[in-house]
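Novice: Numbering follows the numbering used here, with no gaps: position 359 of the sequence shown is 1178. By construction, the Cβ of each residue, glycine as well, lies at the ideal position given by its N, Cα and C atoms. Note that the structure is predicted; figures quoted are calculated from it, not measured.
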Amino acid sequence: MGSLNWIVISDSKVAKELFLMQGANYSSRPYTRVATGIYSRGGKTIALCPYGNYLKMTRSLTQQGFRPHIIDTTYFPIIKQTVADLIHKLSGYKSAAVNPDDHFAYTITLTLALIVYGRTSPEHGDILIDEYVKIVDDAVPLISFSSYAADIFPWMRYLPFVQKSEIHAVNIRNNVDQTSKKLNEDLIKRMKEFGDKENSFAAQIMRCCNIIEEPIPSPFINDYPGKDENGMYTIDWHDFNYLFAMLLIGGSSVITTMKWTIGFLAKHQDIQQKIQHEIKEIVGEGKIPTLEQLEKLYYMQAVLKEIWRMRPPLYLLLPHSPSKDNVYRGYHIPKDSSLVVDVMSLHHDPSIFPNPEMFIPSRWLNSDGTLKQSDDLNDIWQFSKGRRRCPGDFLAERIINTLLCMLLDSFNIEPEIDAMTGKFVDLNLEAYEHGTVMTPREYKVRFVKCDNVTLPEKV
Ligand code: HEM
């Protein structure tokens, strides 16, 4: 009854051969009715577009806005501010048990929105950004695998709940357009007023583009022009709204990483204390870390890698699709099939990761305690590899490391206390829920302020 070919890859070597060595053929995306057709108007967004000039353009623009030195000079101060605000909010709970989800989701989406769009003019306050934060929340189900159901089984299109999800996709698209229009107008105004000082991600890429009103046909039908003689790309306003993809995919992956990390640290107090000790040694107490200090928190980074190994947020990556028919190791792989990588299998291969079921952060450390350099043998797939590799990886690591360092400097994270026994509740981090991202079941923890610590200044 199904009408799509799905291929699941569960071996590192195969994934590397297809995505790295044969990357020119295996870096497209399958077309899906809701996410590609309706929500992104035929693939006009970086994460869902097919392989071709449009992808090259959006990836080149993204690299422009996420150059490491821009992240470190322009975006790092934003990250420190929003994290400081979060710490003040959490301290307001005075060690009561809270579900951290909402607070972290808001802070992370707000951080990304401020990085991508910049701080809007005072007359808007954060209203526009808040609208965006809300739309991101509504839009996450659009990229979930369940939205593919009607592509696999076309008869499902007649079911009311599927039709409802199509209407939902149209509404989200319209909301993104309306809010983006206001944000874009505000951005142009700020660029005129502040010139080069306006250096949000959106401003950086707008400087590389001629933006036109007339929509350019969908990238699934016609390919895109490259750069003109002045090195500028031509895009229309709908293309410019691809910025929203950063918040949608980037936000949900960072939020999920934090959900797992907070849970793991609350459960493993010994590991948490080791990180706190490292922070005390390298950064000192009650201080906001510098970039150099952050990079030297090797044990903390090793813990994060181990969490990503055991609980990769995008546990199937995003589906890849071959641009043409291919025979691989004797198997016929038709054009337009969906290839998903079972990242959990890759990360639990005992020939690469001995004792894969065990949480061993030291597997990422050299004997002198420094962090191992990524190499092809030992590397993990949380950001994928090849031509569709996550372009926000460096930014994601900066956000997560800053968050962890500042949080653990201010608080001890503890599980809630069982009212009957007076002991910590044993958090169940084995159970997880599958959507596009793999998230832990809801839990509560307590943020207990460390003795004598001064909270970072609130902005
Ligand atoms: C812990 C955080 C993150 C993880 C684990 C993660 C992981 C991934 C993965 C696995 C993919 C799919 C790669 C593939 O299909 O082969 C992806 C794509 C993408 N990510 Fe991330 N990501 C994270 C954060 C971010 C951030 C912060 C941003 C930007 C602000 C971002 C932007 C993107 C974009 C635009 C794509 C689509 C790329 C394409 O289709 O060519 N991600 N990410």
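Which same chain residues end up closer than 7 Å to Gln-951 when comparing Cβ atoms and leaving out the 5 residues on each side of it in sequence?
Specialist: Here residue 951 refers to the residue found at position 132 of the sequence shown. Inspection of the sequence shows that residue 951 is occupied by Tyr rather than by Gln. Hits under 7 Å: Ala-932, Thr-998, Leu-1066.
Novice: Whole-angstrom Cβ separation of Ser-1019 and Val-955, contact assumed at under 8 Å?
Specialist: Start at 1 with the first residue of the sequence shown, and residue 1019 comes out as number 200. Start at 1 with the first residue of the sequence shown, and residue 955 comes out as number 136. Their Cβ separation, rounded to whole angstroms, is 17 Å, which puts Ser-1019 and Val-955 out of contact at 8 Å.
Novice: Between Gly-1069, Lys-1154, Cys-1224, which has its C-alpha nearest Leu-1116's C-alpha?
Specialist: Translated into the one-based positions of the sequence shown, residue 1116 becomes position 297. Nearest C-alpha to Leu-1116: Cys-1224.
Novice: As a quick exercise: from Asn-1029, Asp-996, Ile-1040, Asn-1041, pick the residue whose alpha carbon is nearest that of Asp-1047.
Specialist: For the purposes of this step, residue 1047 is taken as residue 228 along the sequence shown, with counting starting at 1. The option with the nearest alpha carbon to Asp-1047 is Asn-1029.
Novice: Taking the Cβ atom as the reference point for each residue, do Glu-1235 and Arg-1208 lie within a distance shorter than 8 Å?
Specialist: As a working note, residue 1235 is residue 416 in the sequence shown. As a working note, residue 1208 is residue 389 in the sequence shown. With respect to Arg-1208, Glu-1235 sits apart: the two C-beta atoms are not nearer than 8 Å.
Novice: My output table needs one value for Met-1051: the three-state DSSP class, helix, strand or coil.
Specialist: Position 232 of the sequence shown, counted from the start, is the residue given in the question as residue 1051. Three-state result, Met-1051: coil.
Novice: CB of Phe-1039 to nearest heavy atom of the ligand HEM: below 7 Å?
Specialist: In the sequence shown, residue 1039 corresponds to position 220, counting from 1. No, since every heavy atom of the ligand HEM falls outside the 7 Å radius drawn around the Cβ of Phe-1039.
Novice: Just how far apart, CA to CA, sit Glu-1276 and Ile-1101?
Specialist: In the sequence shown, residue 1276 corresponds to position 457, counting from 1. In the sequence shown, residue 1101 corresponds to position 282, counting from 1. Between Glu-1276 and Ile-1101, the C-alpha separation is close to 20 Å.
Novice: Classify Thr-939: buried if its beta carbon has 16 or more other beta carbons within 10 angstroms, exposed otherwise.
Specialist: Here residue 939 refers to the residue found at position 120 of the sequence shown. In this structure Thr-939 is buried. Its beta-carbon is surrounded by 16 or more other beta-carbon atoms within 10 angstroms.
Novice: Please state whether the Cβ-Cβ distance between Phe-1178 and Glu-1097 is less than 8 Å.
Specialist: Within the sequence shown, the letter at position 359 stands for residue 1178. Within the sequence shown, the letter at position 278 stands for residue 1097. No, these two residues do not count as a Cβ contact at 8 Å.
Novice: Please state the DSSP three-state secondary structure of Thr-1258.
Specialist: As a position in the sequence shown, residue 1258 is number 439, starting the count at 1. It is a strand residue.
Novice: If you measure between the beta carbons of Val-1160 and Trp-1127, is that distance less than 8 Å?
Specialist: In the sequence shown, the residue the question calls residue 1160 occupies position 341. In the sequence shown, the residue the question calls residue 1127 occupies position 308. Their beta carbons are not under 8 Å apart, which means Val-1160 does not touch Trp-1127 by this criterion.
Novice: Mind checking which residues open and close the beta strand (DSSP E) that includes Ile-1152?
Specialist: As a first step, residue 1152 must be located in the sequence shown, where it is residue number 333. Ile-1152 -> beta strand (DSSP E) spans 1150-1152.
Novice: Answer with buried or exposed for Asp-957, where buried requires no fewer than 16 other C-beta atoms within 10 angstroms of its C-beta.
Specialist: Here residue 957 refers to the residue found at position 138 of the sequence shown. It is exposed - the Cβ of Asp-957 has fewer than 16 other Cβ atoms within 10 Å.
Novice: Looking at Ile-906 and Leu-1274, is the spacing between their C-beta atoms short of 8 Å?
Specialist: Along the sequence shown, one-based indexing puts residue 1274 at 455. Along the sequence shown, one-based indexing puts residue 906 at 87. Going by C-beta atoms, Leu-1274 is nearer than 8 Å to Ile-906.
Novice: Out of Lys-1000, Ala-854, Arg-1009, Pro-1138, point me to the one whose CA is closest to Phe-1059's CA.
Specialist: Within the sequence shown, residue 1059 is the residue found at index 240, counting from 1. With distances taken between Cα atoms, Phe-1059 lies closest to Lys-1000.
Novice: Can you check which of these residues, Leu-1137, Gly-1254, Ala-1021, is closest to Thr-881 by C-alpha distance?
Specialist: For the purposes of this step, residue 881 is identified with residue 62 of the sequence shown, where counting begins at 1. Selected option, being the one with the closest Cα: Ala-1021.
Novice: Got a sec, what are the start and stop residues for the beta strand (DSSP E) Ser-1157 sits in?
Specialist: Along the sequence shown, read from residue 1 onward, the residue named residue 1157 stands at position 338. Note, Ser-1157: beta strand (DSSP E), 1157-1160.
Novice: The ligand HEM and Arg-1208: does the residue's C-beta get closer than 7 Å to at least one heavy atom of that ligand?
Specialist: Taking the first residue of the sequence shown as 1, we reach residue 1208 at position 389. Yes; taking the cut-off as 7 Å, the Cβ of Arg-1208 has a heavy atom of the ligand HEM nearer than that.
Novice: As a quick exercise: from Thr-1240, Ile-897, Ser-831, pick the residue whose alpha carbon is nearest that of Met-1163.
Specialist: Residue numbering aside, residue 1163 sits at position 344 when the sequence shown is read from its first letter. Answer by Cα proximity: Ser-831.
Novice: If the criterion is Cβ atoms closer than 8 Å, does the pair Thr-893 and Thr-926 meet it?
Specialist: As a working note, residue 893 is residue 74 in the sequence shown. As a working note, residue 926 is residue 107 in the sequence shown. No; because the gap between Cβ atoms is not below 8 Å, this pair is not in contact.
Novice: Does the count of Cβ pairs from the segment 1205-1219 and the segment 839-852 closer than 8 Å reach three?
Specialist: Counting C-beta pairs closer than 8 Å gives three or more between the segment 1205-1219 and the segment 839-852, which meets the contact rule.
Novice: Shorter than 7 Å, the distance from the beta carbon of Met-876 to the closest heavy atom of the ligand HEM, or not?
Specialist: Translated into positions along the sequence shown, residue 876 becomes position 57. Not under cutoff, so the answer is no.
Novice: Compute the distance between the beta-carbons of Phe-885 and Phe-1230, then report whether it is under 8 Å.
Specialist: As a first step, residue 885 is located in the sequence shown; it is residue number 66 there, counting from the start. As a first step, residue 1230 is located in the sequence shown; it is residue number 411 there, counting from the start. Contact: no.
Novice: What residue range does the alpha helix (DSSP H) around His-922 cover?
Specialist: Mapped onto the sequence shown, residue 922 falls at position 103. Residues 920-936.
Novice: Please go through the segment 1048-1136 and give each complete beta strand (DSSP E) segment of 3 or more residues, from N-terminal end onward.
Specialist: With a minimum length of 3 residues, the continuous beta strand (DSSP E) runs that stay inside the segment 1048-1136 are 1052-1055.
Novice: So, using beta-carbon positions, are Glu-1233 and Ala-1085 closer together than 8 Å?
Specialist: To locate residue 1233, count along the sequence shown from 1; it is residue 414. To locate residue 1085, count along the sequence shown from 1; it is residue 266. Taking 8 Å as the Cβ cut-off, Glu-1233 and Ala-1085 qualify as a contacting pair.
Novice: Leaving out five residues on either side along the sequence, give the residues of the same chain with a beta carbon under 8 Å from the beta carbon of Ser-1156.
Specialist: Counted from its first residue, the sequence shown places residue 1156 at position 337. For Ser-1156, where only same-chain residues beyond five positions count, the Cβ hits under 8 Å are Leu-823, Asn-824, Trp-825, Ile-826, Pro-849, Ser-1140, Pro-1141.
Novice: Using the C-alpha atoms, what's the distance from Tyr-1262 back to Ile-865?
Specialist: Locating residue 865 in the sequence shown gives position 46, where the first residue counts as 1. Locating residue 1262 in the sequence shown gives position 443, where the first residue counts as 1. Whole-angstrom Cα-Cα distance: 34 Å.
Novice: Ala-866: beta carbon under 7 Å from a heavy atom of the ligand HEM?
Specialist: For the purposes of this step, residue 866 is taken as residue 47 along the sequence shown, with counting starting at 1. Under cutoff, so the answer is yes.
Novice: Locate the alpha helix (DSSP H) running through Pro-1138, then write down its first and last residues.
Specialist: Sequence index remark: in the sequence shown, residue 1138 carries index 319 (1-based). Counting along the chain, Pro-1138 falls outside any alpha helix (DSSP H), and DSSP gives it neither H nor E.
Novice: The ligand HEM and His-775: does any heavy atom of the ligand fall closer than 7 Å to the residue's C-beta?
Specialist: The first residue shown for the chain is 820 and the last is 1278, placing residue 775 beyond what the model contains.
Novice: Quick one: give me the first and last residue of the alpha helix (DSSP H) that Tyr-813 is part of.
Specialist: Coverage of the chain is limited to positions 820 through 1278, which leaves residue 813 absent and any answer about it impossible.
Novice: Any contact between the segment 1062-1081 and the segment 903-918? By contact I mean 3 or more CB pairs, one from each, below 8 Å.
Specialist: The segment 1062-1081, when compared against the segment 903-918, does not touch it at the 8 Å Cβ threshold.
Novice: Note down, one range per segment and in chain order, each alpha helix (DSSP H) of at least 4 residues found wholly within the segment 962-1022.
Specialist: 968-971, 979-1013
Novice: Please name the residue, chosen from Pro-960, Thr-930, Leu-961, that lies closest to Asp-949 on a Cα-to-Cα basis.
Specialist: Here residue 949 corresponds to residue number 130 of the sequence shown, with the count starting at 1. Nearest option by C-alpha distance: Thr-930.
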